[in-house]
Amino acid sequence: MIILLGGAFILRTIHDWRPDRADYPVQGVAIGARNGLVHFGQLRAGGADFVYLDATYGSKRRDLRFVENRNRTRALKMRFGAIHHYDLCALASDQAGNFDGLVPRDADALPPAIAIAYRDGCTDHPTQAMLEGELTTFLNQVETHMGRKAILMPSPAIAGDYSFTALDRPLVLTGNYFPPEEGSVWRMWLANNRARIDGADGNVRWIVINPRT
3 MIILLGGAFI
13 LRTIHDWRPD
23 RADYPVQGVA
33 IGARNGLVHF
43 GQLRAGGADF
53 VYLDATYGSK
63 RRDLRFVENR
73 NRTRALKMRF
83 GAIHHYDLCA
93 LASDQAGNFD
103 GLVPRDADAL
113 PPAIAIAYRD
123 GCTDHPTQAM
133 LEGELTTFLN
143 QVETHMGRKA
153 ILMPSPAIAG
163 DYSFTALDRP
173 LVLTGNYFPP
183 EEGSVWRMWL
193 ANNRARIDGA
203 DGNVRWIVIN
213 PRT
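What follows is the structure, encoded as structure tokens:
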């Protein structure tokens with residue numbers, strides 16, 4: 003029983019943990035269809051200053067709740083941005099077409115975020131030059147469509163294998179419960195990908211803005 007109670011306490015602590023507002027005044031959340039019918043007013047009341055919405059995956063898949071979530075955030079006048087999940091095994095131009103076909107240009111939107119991670123079923127690990135070339139093609143198309151620069155969100159494994167310096171885009175670094183290393187260059191920090199908040203089902207991704215950028 004003690005072990006069970008201890009485990010429940012640890013899990014609750016993980017779900018509730020967020021960086022201190024005194025250190026990171028602007029904090030937000032990333033959500034998608036897996037979070038069910040989201041009540042954005044509750045998200046804002048729970049401390050989310052902005053929201054990133056899953057939009058597209060690779061060259062074909064689209065988040066089933068993106069349009070609904072976007073419309074509801076706009077109605078609430080809540081700052082939002084769109085996330086594309088980049089697929090190493092799909093052509094960059096096809097992926098850009100998928101994103102551009104779903105996400106409209108919006109002067110009030112946050113910069114589009116490009117999540118880059120290895121995935122099961124994709125064994126293609128491009129060279130540094132090939133990845134830079136494909137991402138440049140993707141970014142050129144998406145940024146022309148959106149009218150602003152994107153931000154890059156590499157997974158820890160991708161960030162360990164590739165450099166993104168040459169692409170000259172702001173970075174979102176992932177480091178659950180541990181802030182980015184001192185001296186690293188980053189715009190946002192994905193601080194807890196197992197956070198819980200009233201208004202959304204299951205785990206959400208808690209993100210903070212670098213106050214020094």
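Count along the sequence shown from 1, add 2, and you get the number used in our numbering.
Yeah, the Cβ is synthetic: ideal placement off N, Cα and C, and Gly gets one too.
In this structure, how does DSSP classify residue i when only helix, strand and coil are distinguished?
i      : result
THR176 : strand
VAL28  : coil
THR58  : strand
MET190 : strand
ARG196 : strand
ALA47  : helix
VAL40  : coil
HIS127 : coil
PRO156 : strand
ALA117 : strand
VAL53  : strand
PHE68  : helix
GLY204 : coil
ARG81  : strand
ILE12  : With a pLDDT of only 49 at ILE12, under 50, the local geometry of the prediction cannot be trusted, and no value is derived from it.
VAL105 : coil
Rounded to a whole number of angstroms, what is the C-alpha to C-alpha distance between residue i and residue j?
i      : j      : result
ILE211 : TYR179 : 15 Å
TYR54  : MET80  : 10 Å
PRO182 : GLY60  : 27 Å
HIS147 : ARG107 : 6 Å
GLY177 : ALA161 : 11 Å
ASP217 : GLY34  : Limits of the chain in this structure are 3 at one end and 215 at the other, which puts residue 217 out of reach.
PHE42  : GLY49  : 11 Å
ASP170 : ARG196 : 29 Å
ALA193 : ALA109 : 27 Å
ARG198 : PHE52  : 15 Å
PRO172 : LEU39  : 30 Å
THR125 : LYS62  : 18 Å
THR75  : ASP200 : 16 Å
LEU90  : ARG121 : 8 Å
ILE16  : ILE209 : 15 Å
GLN29  : PRO156 : 19 Å
Under 8 Å by Cβ, that's how I've got residue i and residue j pegged, so tell me the actual separation to the nearest angstrom.
i      : j      : result
LEU66  : ILE118 : Not really, about 22 Å apart at Cβ, beyond 8 Å.
VAL206 : VAL31  : 5 Å
By Cβ distance, which residues of its chain are closer than 7 Å to residue i, with the 5 residues on each side in sequence left out?
i      : result
PRO113 : GLY83, ARG150, LYS151, ALA152 and ILE153
ASP25  : none
LEU133 : TYR164
THR215 : ARG189
LEU104 : ALA57, THR58, ARG64 and PHE68
ILE85  : ALA32, TYR54, LEU55, ASP56, ALA57, ALA115 and ALA117
ASP102 : GLN143, VAL144 and HIS147
ALA168 : GLU134
GLY204 : ARG36 and ASN37
Within its chain, find whatever has a CB closer than 6 Å to the CB of residue i; leave out the 5 residues flanking it on each side and keep chain order.
i      : result
GLU136 : ALA94
ALA111 : GLY83
ALA202 : ILE33, ASN37 and VAL40
Near residue i, what residues of its chain come up, given a Cβ to Cβ distance below 8 Å and the 5 sequence neighbours on each side ignored?
i      : result
PRO158 : THR176 and GLY177
LEU78  : PHE42, GLY43 and ARG46
PRO213 : ASP25, TYR26, PRO27 and VAL28
Decide yes or no for the touch test of the stretch 91-101 against the stretch 141-148: beta carbon pairs closer than 8 Å, at least 3 of them. yes
Given 8 Å as the limit, is there contact between the stretch 180-194 and the stretch 122-142, that is, 3 or more CB pairs closer than that? no
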